[in-house]
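K.L.:
This is the structure I have questions about; it appears just below.
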Amino acid sequence: MPVTKRDYYEILGVSREADDQQIKSAYRKLAREHHPDVNPGNDQAEERFKEAAEAYSVLSDPQKRAAYDRYGHQGVQSAGQGFDPSGLDLNDILGDFFGFGDLFGAGDRRRRNRPQRGEDVRYDLEIRFEDAVFGMGAEILVPRSELCDRCEGKGAEPGSGATTCPACHGRGEVVYQQSFLSVRRTCGHCGGSGKIIRTPCSQCRGHGYRQLQRKMKVNIPAGVDNGTRLRLAHEGEPGANGGPPGDLYVVLKVKDHAFFERHEYDLHCTIPINVAQAALGAEIEVPTLEQPYKLKIPEGTQTGVELRIRHKGVAHVNGHARGDIVAHIEVRTPTKLTKDQKRLLEQLRETLPADNQPAEKGIFEKVKDYFV
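7 is the number of the first residue of the sequence shown in our numbering; add one for each residue after it.
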């Protein structure tokens, strides 16, 4: 009595209207559950896995699926499209949860042998506050790998060369049989290169690269700030197999200033003045990052007033505009007075109303009005 094959949609547990993603998700679930590596020695699980793989190989292919929908199993068999496990791409389906990376090794082998870009390098540089504002040139010593000049990056002592790996015979991978699958994995003997260095280079010890300190000049533009990253193209680690080098990123750390505090492109500072300067007004000299500046204090200035010194702040990076200096005025009351100073202040006190607001009611009258 002939054995009747189960319907492919029934095997995967999806409807005939299922889209590609639903079919793929259903197969992933079944493959995860019945894979032989998860169920060693379980023949029934292996058969279920084969059955699901066969169903997926047909329903994931638009032409095979169309033939199957029209003629059933006979349609895919008569068209010479029977199930072939070796043609099924299991890397995408199984690699992520079985940890094989590339289940058959081919993609990994191609990636390993083709030119690869080198790694980027980070260098932290601390600079003064003033240098961040006005810019500077700096010399830095960067530790990085350099191509070994003795072996020219080959890793072998000059004249010795390399021999074919005896474990993989130069293929860079070995084949293991797992149930009905042939699994290719990177050769652990040669690391996938297919060659063995018998006599490592005495200078780089077979690595092909040496760790060196390289002196470089860095141009720091005016206006940089804490955390600014400066990119030096192609100054990072060298690339593998003739690939381009990575980049060097110089990350700036700007020291704090004793007087100024930076807010974007403006510099903020606190300027103390005495009560006479605040009441009568004055012209005082205040520091900047360049020459001192004569700042005019208007009459009646109060604590908290902000006075701006235009275009004395931080330059915009790679631009022509410049921020301001923002002076926060702080009126300070004297704590130690001479007899003459006390006498003068007492005379002033007698001439001023209690709240220093002659045009309005005194504070006690305001409070009285509020509670009436």
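Just so you know, even glycine gets a beta-carbon here, dropped at the ideal spot from N, CA and C.
1) I'd like to check one pair, residue 146 with residue 230: are the Cβ atoms closer than 8 angstroms?
2) Quick one: give me the first and last residue of the beta strand (DSSP E) that residue 332 is part of.
3) With C-beta atoms as the reference, is residue 242 less than 8 angstroms away from residue 150?
4) Do the region 118 to 137 and the region 249 to 258 touch if we need at least three Cβ pairs shorter than 8 angstroms?
5) Can you confirm whether the region 157 to 170 touches the region 198 to 215 when touching is taken to mean that 3 or more C-beta pairs between the two stretches lie within less than 8 angstroms?
6) Taking contact to mean 3 or more Cβ pairs, one atom from each stretch, closer than 8 angstroms, check whether the region 238 to 254 and the region 295 to 304 are in contact.
7) In the DSSP assignment, find the unbroken beta strand (DSSP E) run with residue 288 in it and report its ends.
8) Report yes if the C-beta distance between residue 154 and residue 207 is below 8 angstroms; otherwise report no.
9) Quick one: grab the DSSP three-state call for residue 129.
10) Give me the Cα-Cα distance between residue 15 and residue 61, rounded to the nearest whole angstrom.
11) State buried or exposed for residue 124, treating a residue as buried only when at least 16 other CB atoms are found within 10 Å of its CB.
12) Taking all protein chains shown into account, decide if residue 175 is buried (16 or more other Cβ within 10 angstroms of its Cβ) or exposed.
13) Give the range of the alpha helix (DSSP H) segment to which residue 75 is assigned.
14) Could you pull the start and end residues of the alpha helix (DSSP H) that residue 32 belongs to?
15) Nearest by alpha-carbon distance to residue 322: which of 290, 140, 194, 27 is it?
16) What beta strand (DSSP E) runs, 3 residues minimum, are completely inside the region 159 to 232?
17) Can you have a look at residue 77 and say buried or exposed, based on whether 16 or more other CB atoms are within 10 angstroms of its CB?
18) Hey, how far is the Cα of residue 45 from the Cα of residue 120?
19) Tell me where the beta strand (DSSP E) around residue 23 begins and ends.
20) Under 8 angstroms, do residue 170 and residue 198 count as touching if we go by C-beta distance?
21) Check for me: the beta strand (DSSP E) holding residue 349 runs from which residue to which?
22) Is it buried or exposed, residue 164, if we count other Cβ atoms within 10 angstroms and call 16 or more buried?
23) Would you please verify whether the beta carbon of residue 58 is less than 8 angstroms from any beta carbon of chain C?
24) What number of angstroms, rounded off, separates the C-alpha of residue 127 from the C-alpha of residue 233?
25) On a CA-only basis, which of 227, 244, 262 is nearest residue 254? Give me that one, please.
26) At what residues does the beta strand (DSSP E) containing residue 342 begin and finish?
27) Do residue 58 and residue 36 have their beta-carbon atoms positioned less than 8 angstroms apart in this structure?
28) Looking only at C-alpha atoms, which of 177, 20, 302 sits nearest to residue 289?
29) Do residue 277 and residue 299 have their beta-carbon atoms positioned less than 8 angstroms apart in this structure?
30) From what residue to what residue does the alpha helix (DSSP H) around residue 65 run?
31) Within its chain, find whatever has a CB closer than 6 angstroms to the CB of residue 138; leave out the 5 residues flanking it on each side and keep chain order.
32) Which one of 227, 305, 263 has the shortest CA to CA distance from residue 283?
33) Roughly how many angstroms lie between the CA atoms of residue 333 and residue 350, to the nearest whole one?
34) For the candidate residues 238, 122, 12, whose alpha-carbon lies nearest to that of residue 80?
35) Give me the DSSP bridge partner(s) of residue 235.
P.N.:
Well, looking at it:
1) No.
2) Boundaries of the beta strand (DSSP E) around residue 332: 331 to 338.
3) Between residue 242 and residue 150, the CB-CB gap stays under 8 angstroms.
4) Yes, the region 118 to 137 is in contact with the region 249 to 258.
5) Touching, yes.
6) No, the region 238 to 254 does not touch the region 295 to 304.
7) Unbroken beta strand (DSSP E) run through residue 288: 288 to 292.
8) With contacts defined as CB atoms closer than 8 angstroms, residue 154 and residue 207 qualify as a contacting pair.
9) Look at residue 129 here: in three-state DSSP terms it is strand.
10) Roughly 7 angstroms between the two C-alpha positions.
11) In summary, residue 124 is buried, with 16 or more beta-carbon neighbours lying within 10 Å of its beta-carbon over all protein chains present.
12) It is exposed - the Cβ of residue 175 has fewer than 16 other Cβ atoms within 10 Å.
13) For residue 75, the enclosing alpha helix (DSSP H) starts and ends at 68 to 77.
14) If you look at residue 32, you'll find it in the alpha helix (DSSP H) that goes 26 to 40.
15) The residue with the shortest Cα to Cα distance from residue 322 is 140.
16) The region 159 to 232 is shown to contain whole beta strand (DSSP E) runs of 3 or more residues at 179 to 184, 187 to 192, 215 to 226, in chain order.
17) So residue 77 counts as exposed.
18) If you draw a straight line from the Cα of residue 45 to the Cα of residue 120, it is about 37 angstroms long.
19) No beta strand (DSSP E) holds residue 23; DSSP gives it neither H nor E.
20) Contact: no.
21) Residue range 345 to 357 is occupied by the alpha helix (DSSP H) that includes residue 349, with no beta strand (DSSP E) assigned at that position.
22) Flag for residue 164 reads exposed.
23) Among the chains in the structure shown there is no chain C, since it carries only a single protein chain.
24) Rounded to the nearest angstrom, the two C-alpha atoms are 16 angstroms apart.
25) When each option's Cα is compared against that of residue 254, the closest is 244.
26) Following the DSSP letters along the chain, one finds residue 342 in no beta strand (DSSP E), marked with neither H nor E.
27) Going by C-beta atoms, residue 36 is nearer than 8 angstroms to residue 58.
28) Of the candidates 177, 20, 302, the one whose C-alpha sits nearest the C-alpha of residue 289 is 302.
29) No, they are not a contact pair.
30) Looking at the DSSP string, the run of the alpha helix (DSSP H) that includes residue 65 is 49 to 65.
31) For residue 138, where only same-chain residues beyond five positions count, the Cβ hits under 6 angstroms are 230, 260.
32) It is 305 whose Cα lies nearest to the Cα of residue 283.
33) Spanning the two alpha carbons is a distance of roughly 30 angstroms.
34) Looking at the Cα atoms, 12 is the closest of the given residues.
35) Its beta-bridge partners are 257.
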